[in-house]
Structure formats: C-alpha cells, structure tokens
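Here's the structure we're looking at; comments come further down.
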Amino acid sequence: MSAAAAVAAPAGRSGGSLPGIVRAELLKLRRRPATWVLLGLWPALQLVFSLVIPYVSYTRGSSFEGIPPEQVLTSTLPDRLVGNALSGLPLFGGALLLTLGALLAGSEYGWGTLKTLLAQGPRRTTVLAGQLLALVTVLAATVVVSFALTAAVSAGIAGAESAPADWPAAGELARGLGGGLLVATTWGALGLLLGTALRGTALAIGLGLVWVLAVESLVVNVAAPLLEVFDTLQRALPGVNAGSLVASLAGADTPVRTPGVVAVVDGGQAAWVLAAFLAAATALTALLLTRRDLT
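Right, dumping it as structure tokens:
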C-alpha cells in the first residue's frame, strides 16, 4: 500500500493536473519491482536469442537453424541493429509489456486507490491520460535501452571478429525506434484495457498471456495453413502485425529468426493495424473508466 499511497499524494497536491498524475504514475512504476523485472527481461531475452546464441554457435563452428557459420556471424553485426533490437517485441516482449499494462491499471482496483485518487478532483479521462503518458515514457526509454545494448554487443562482436561495423543510416534507425515504440505501446495499451475491463491483475495477465502465447500461435501455425478463413483472420491479429512490422523494419534481405517475426503483411499495413489497435484499446479503456461504477 505504500506505493499506492505515493501515487495518490503527489496527484492530490498537484490539484489533479495531468503533469502531476504523470509524475505520480512514473513514481509508482519506478518503485514497483515488477516494472524493473518485466522491462529488464525484454532486452535480456532479445539479446540472448538474437545475438548471444547465434554468436556462440558461430564460435563453435556449427550452423544455426541450418544457416552456415559465416552467415550467422553476419546476422549479429551492427548493420543488422534494427532487426536485432526489435526481434523480441512481437512475442515474448509483447507478453511482458501486456503484463505491465495490466499491472498498471488492474492494481488500482486491487489496492482501492483509484477511488481515492478520483476523490481528490481529477477527471477519469485525465487519470487515464496520465497512465498512458507514463507508460509511453517508460516504454520509449526501454526501446532506447534495447537499441543501445544491442549496439554495444554487436560492436563487441564486430571488434572481436575483426568484422566491418557498418551502422544503419539515421533514417533507418529513426524508423526502427518509432516502429518499436508503436509495437510496445500497442501491447501496453492492450494490457491497460484488460486490467481496466477485468478490474484486477491476475485474470487480466492470464488472459493476455494465453492470447499472445497460445491463441495467436494456434491460429497462425495450425489453423491458417489449413483454412482460408483463418489465413485471412491472422492478418488482423496484433501479434501477426507486430511481427510483420518488425520484419519490414529489419529489411527484406535480413532474415530474423526470432519466433513471431514473419512478414505476413507489408510494413505499411502492419503499422496502420497496430495504430488502430492502439486507438481502439485507448478508446475502450476510456469508455469503461468513465461509464462504469468503480465499486
């Protein structure tokens, strides 16, 4: 309850203003151990799957997923920075960020702090805007950290192997950062919607993980190859579009072997679908928050 009280106090002192609520939400996220665990696991897992395992395979002189050692080394070099830095977002990164969003919204009901906060004056939509802005802030910082860590490890590999360190152009890097933030924010907003709709964390997180790790996987890998209706349906799923956007940002000639990164649709369509999911999740969360009784 101490973290929850820390949220309510700053917001109250600021008169329910949006900047005050954003500061309070950031304080809550910073003090919650789960935030550091979830946001730390994403870059860590991404580094392991996109760089560490392939490089270890190369040093042992063995192929990796049928790819010759020389091509494996090429896939870990700095010119592949964008694809490697984003490779974990569509699947396991999405599951972690959806969990973070569900915790951010659902814990307010479990702690009973949402009613306390609203009693101090701010509008419900202002509270939601503060939560979203705080979420986007921490996600943007994590995307930058993911790129920085990937760049450092890639540069280290290039130096150890005396390989060329050709970095992506500024425009490509900017598109990668923007695309990564879009994917991350969409997953976080969907988690925020689940936490608000279910007024708690446990069921929201459970359903979110089942969707990301099981339902979409079954539709894509089992149903879509067999039935045309599911092949069409998968093109509207958030995970599929996240994977397609990452594949597009990585480049057509840059295979990304991380699970979930497959170019099912083109990058432009994927970006629009994700933006639609983000807008719809935000609107539905606002509708639930403003129309429902908090009891």
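In the working numbering, the protein residues as written are 3 to 297.
No residue lacks a Cβ here, since even glycine has one placed at the ideal position from N, Cα and C.
Note that the structure is predicted; figures quoted are calculated from it, not measured.
Ends of the alpha helix (DSSP H) at residue i?
i: residue 174; result: 172-200
i: residue 246; result: 240-252
i: residue 213; result: Neither: residue 213 is in no alpha helix (DSSP H) and is coded neither H nor E.
i: residue 94; result: Where residue 94 is concerned, there is no enclosing alpha helix (DSSP H), given that its DSSP letter is neither H nor E.
i: residue 59; result: 55-61
i: residue 126; result: 126-162
i: residue 86; result: 83-88
i: residue 271; result: 269-293
i: residue 233; result: 230-235
i: residue 79; result: Careful: residue 79 lies outside any alpha helix (DSSP H) and carries neither H nor E.
i: residue 122; result: Per DSSP, residue 122 belongs to no alpha helix (DSSP H) and is neither H nor E.
i: residue 22; result: 20-33
For a cutoff of 8 Å on Cβ pairs, would you count residue i as touching chain E?
i: residue 56; result: The structure shown contains no chain E; it is built from a single protein chain.
Taking all protein chains shown into account, decide if residue i is buried (16 or more other Cβ within 10 angstroms of its Cβ) or exposed.
i: residue 293; result: exposed
i: residue 230; result: exposed
i: residue 81; result: buried
i: residue 39; result: exposed
i: residue 44; result: buried
i: residue 107; result: buried
i: residue 189; result: buried
i: residue 136; result: buried
i: residue 158; result: exposed
i: residue 223; result: exposed
i: residue 270; result: exposed
i: residue 213; result: buried
i: residue 70; result: exposed
i: residue 115; result: buried
i: residue 72; result: exposed
i: residue 2; result: With the chain covering only 3 through 297, there is no way to say anything about residue 2.
i: residue 64; result: exposed
i: residue 164; result: exposed
i: residue 167; result: exposed
i: residue 124; result: buried
i: residue 58; result: exposed
i: residue 197; result: buried
i: residue 30; result: buried
i: residue 285; result: exposed
i: residue 170; result: buried
i: residue 239; result: buried
i: residue 289; result: exposed
i: residue 195; result: buried
i: residue 102; result: buried
My guess is that residue i and residue j are in contact by the Cβ rule of under 8 Å, so how many angstroms apart are they, rounded?
i: residue 241; j: residue 96; result: 6 Å
i: residue 247; j: residue 181; result: 5 Å
i: residue 192; j: residue 100; result: 6 Å
i: residue 60; j: residue 50; result: Rounded, the Cβ-Cβ distance is 15 Å, inconsistent with contact.
i: residue 87; j: residue 178; result: 7 Å
i: residue 77; j: residue 92; result: That belief does not hold up - the Cβ atoms of residue 77 and residue 92 are roughly 18 Å apart, past 8 Å.
i: residue 140; j: residue 41; result: 7 Å
i: residue 79; j: residue 152; result: The Cβ separation is near 11 Å, so there is no contact.
i: residue 268; j: residue 250; result: 7 Å
i: residue 104; j: residue 207; result: 5 Å
i: residue 127; j: residue 280; result: Between residue 280 and residue 127 the Cβ distance is about 17 Å, and since that is not below 8 Å, they are no contact.
Does at least one heavy atom of the ligand SAM sit under 7 Å from the Cβ of residue i?
i: residue 278; result: Questions concerning the ligand SAM fall outside what the structure shown contains, since it holds no ligand whatsoever.
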